[in-house]
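*Asks:*
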Amino acid sequence: GEDVEQSLFLSVREGDSSVINCTYTDSSSTYLYWYKQEPGAGLQLLTYIFSNMDMKQDQRLTVLLNKKDKHLSLRIADTQTGDSAIYFCADLNDYKLSFGAGTTVTVRA
Amino acid sequence: NAGVTQTPKFQVLKTGQSMTLQCAQDMNHNSMYWYRQDPGMGLRLIYYSASEGTTDKGEVPNGYNVSRLNKREFSLRLESAAPSQTSVYFCASSSSNTEAFFGQGTRLTVV
Chain A
1 GEDVEQSLFL SVREGDSSVI NCTYTDSSST YLYWYKQEPG AGLQLLTYIF SNMDMKQDQR
61 LTVLLNKKDK HLSLRIADTQ TGDSAIYFCA DLNDYKLSFG AGTTVTVRA
Chain B
110 NAGVTQTPKF QVLKTGQSMT LQCAQDMNHN SMYWYRQDPG MGLRLIYYSA SEGTTDKGEV
170 PNGYNVSRLN KREFSLRLES AAPSQTSVYF CASSSSNTEA FFGQGTRLTV V
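In order, the protein sequence lines correspond to chains A and B. For the first sequence, the numbering used here begins at 1 and goes up steadily by one. For the second sequence, the numbering used here begins at 110 and goes up steadily by one.
Shown next, in the form of structure tokens:
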């Protein structure tokens, strides 16, 4: 969507870290999300962060939020072949949930 | 636990035909959403409903209508289908300010 922007592609070697970036426009967004979509499937929530937090860690996933720059990132440590998917950033503002175009992550051996 | 159920899973329409995509959730969520997903464009919000009895336009509402029949159900209607509406449609629901749960999608082709 026009309110949330992401780069479209990322290629990473297995075992390396992946970093997916996202920018959003609305400073009153309350929650920001990362979703994962595997081929032919629906969207699965990976993690989310409340807008008053700077960082959230959940196993191999680290979310960083820079509210001043309206920048969100998702770091996946020790990337595996099963992490190949499309990753969507989304923000929630006044009940409206808007998504970015998605970043296609390809993990190479 | 069914979660969000969309029907049908696949549909082929001729240009000008009408149809309704159905969505139901059993999680007692207030908010429901309809998105379309097209290659390279991510998910674009068509309409959403913050609560029973209310609906609002999203980014791409033209050519669609919605109905929040009750708290469980949120339908999307195409009155006169066009090839530009060929897409994968996703319904989602959420309670206030938390995770949105998605249906498995409806793959619609308009010929």
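Heads up, the beta-carbon is just placed ideally off N, CA and C, and yes, glycines get one too.
So, using beta-carbon positions, are B/M128 and B/A190 closer together than 8 Å?
*Replies:* Against the second sequence, residue 128 of chain B aligns to sequence position 19. Against the second sequence, residue 190 of chain B aligns to sequence position 81. The answer is yes: Cβ separation under 8 Å.
*Asks:* Indicate whether at least one CB of chain B lies closer than 8 Å to the CB of A/Y95.
*Replies:* As a first step, residue 95 of chain A is located in the first sequence; it is residue number 95 there, counting from the start. At least one chain B Cβ lies under 8 Å of A/Y95.
*Asks:* Only counting the same chain, and skipping five residues up and downstream in sequence, which positions put a Cβ closer than 6 Å to that of B/S140?
*Replies:* As a working mapping, residue 140 of chain B is identified with position 31 in the second sequence. Within the same chain, B/S140 has close Cβ partners A159, S203.
*Asks:* Taking a Cβ distance cut-off of 7 Å, strictly less, list which residues of the stretch 146-166 of chain B are near chain A, in chain order.
*Replies:* Within the stretch 146-166 of chain B, the residues whose Cβ lies closer than 7 Å to some Cβ of chain A are G149, M150, G151, L152, R153, L154, Y157, A159, listed in chain order.
*Asks:* Measure from the alpha carbon of A/D83 to the alpha carbon of each residue in A/D3, A/C22, A/S11, then state which is nearest.
*Replies:* Numbered from 1 along the first sequence, position 83 holds the residue referred to as residue 83 of chain A. Considering only alpha carbons, the answer is A/S11.
*Asks:* At least one CB of chain B closer than 8 Å to the CB of A/L74: is that the case?
*Replies:* Sequence index remark: in the first sequence, residue 74 of chain A carries index 74 (1-based). It does not; no Cβ of chain B falls within 8 Å.
*Asks:* Do you know offhand how far A/S27's Cα is from A/K67's?
*Replies:* Taking the first residue of the first sequence as position 1, residue 27 of chain A is located at position 27. Taking the first residue of the first sequence as position 1, residue 67 of chain A is located at position 67. Their Cα atoms are separated by approximately 8 Å.
*Asks:* Got a sec? Which residues, its chain only, sit under 7 Å from A/G42 by beta carbon, not counting five neighbours each side?
*Replies:* Counting from 1 along the first sequence, the entry for residue 42 of chain A is found at position 42. The answer is none, since no qualifying residue turns up.
*Asks:* So, using beta-carbon positions, are A/M55 and A/T47 closer together than 8 Å?
*Replies:* Numbered from 1 along the first sequence, position 55 holds the residue referred to as residue 55 of chain A. Numbered from 1 along the first sequence, position 47 holds the residue referred to as residue 47 of chain A. Not a contact, by the Cβ cut-off of 8 Å.
*Asks:* Can you give me the start and stop residues for the beta strand (DSSP E) that A/Y31 sits inside?
*Replies:* Numbered from 1 along the first sequence, position 31 holds the residue referred to as residue 31 of chain A. Its beta strand (DSSP E) spans residues 31-37.
*Asks:* For A/Q57, which of helix, strand or coil comes out of DSSP?
*Replies:* The residue labelled residue 57 of chain A in the question sits at position 57 within the first sequence. A/Q57: strand per DSSP, three-state reduction.
*Asks:* Nearest chain B C-beta to A/L43 closer than 8 Å, yes or no?
*Replies:* On the first sequence, position 43 is the one that residue 43 of chain A refers to. Yes, its Cβ sits closer than 8 Å to a Cβ of chain B.
*Asks:* Give the straight-line distance between the Cα atoms of A/N52 and A/N93, rounded to the nearest whole angstrom.
*Replies:* The residue given as residue 52 of chain A occupies position 52 in the first sequence. The residue given as residue 93 of chain A occupies position 93 in the first sequence. So the two alpha carbons sit approximately 14 Å from each other.
*Asks:* When you compare the stretch 118-127 of chain B with the stretch 64-78 of chain A, are there three or more beta-carbon pairs, one atom per stretch, that lie closer than 8 Å?
*Replies:* Segments in contact, no.
*Asks:* Along the chain, where does the beta strand (DSSP E) containing A/K96 start, and where does it finish?
*Replies:* Along the first sequence, one-based indexing puts residue 96 of chain A at 96. Note, A/K96: beta strand (DSSP E), 96-99.
*Asks:* Under the three-state reduction of DSSP, which class applies to A/D83: helix, strand or coil?
*Replies:* Against the first sequence, residue 83 of chain A aligns to sequence position 83. It is helical.
*Asks:* Would you kindly check if the distance between the Cβ of B/Y142 and the Cβ of B/A201 is under 8 Å?
*Replies:* Mapped onto the second sequence, residue 201 of chain B falls at position 92. Mapped onto the second sequence, residue 142 of chain B falls at position 33. Yes; because the gap between Cβ atoms is below 8 Å, this pair is in contact.
*Asks:* On the three-state DSSP scale, how would you describe B/S193?
*Replies:* On the second sequence, residue 193 of chain B is found 84 positions in, with the first residue counted as 1. It is helical.
*Asks:* Which one of B/R145, B/L185, B/P148, B/L152 has the shortest CA to CA distance from B/T164?
*Replies:* Mapped onto the second sequence, residue 164 of chain B falls at position 55. Selected option, being the one with the closest Cα: B/L185.
*Asks:* What residues from chain A crowd round B/G212, counting only those whose CB sits closer than 8 Å?
*Replies:* Here the question's residue 212 of chain B lines up with position 103 in the second sequence. Within chain A, the residues near B/G212 are G42.
*Asks:* Let me make sure I understand the geometry here. Which of A/T30, A/R60, A/S18 has the alpha-carbon closest to that of A/V105?
*Replies:* In the first sequence, counting from the first residue as 1, residue 105 of chain A sits at position 105. Per the Cα distances, A/S18.
*Asks:* State the Cα-Cα distance for the pair B/G172 and B/L187, rounded to the nearest angstrom.
*Replies:* Along the second sequence, read from residue 1 onward, the residue named residue 172 of chain B stands at position 63. Along the second sequence, read from residue 1 onward, the residue named residue 187 of chain B stands at position 78. Looking at the two C-alpha atoms, the distance is approximately 6 Å.
*Asks:* Based on DSSP bridge pairs, tell me the residues matched to A/I20.
*Replies:* For the purposes of this step, residue 20 of chain A is taken as residue 20 along the first sequence, with counting starting at 1. Answer is A/L74.
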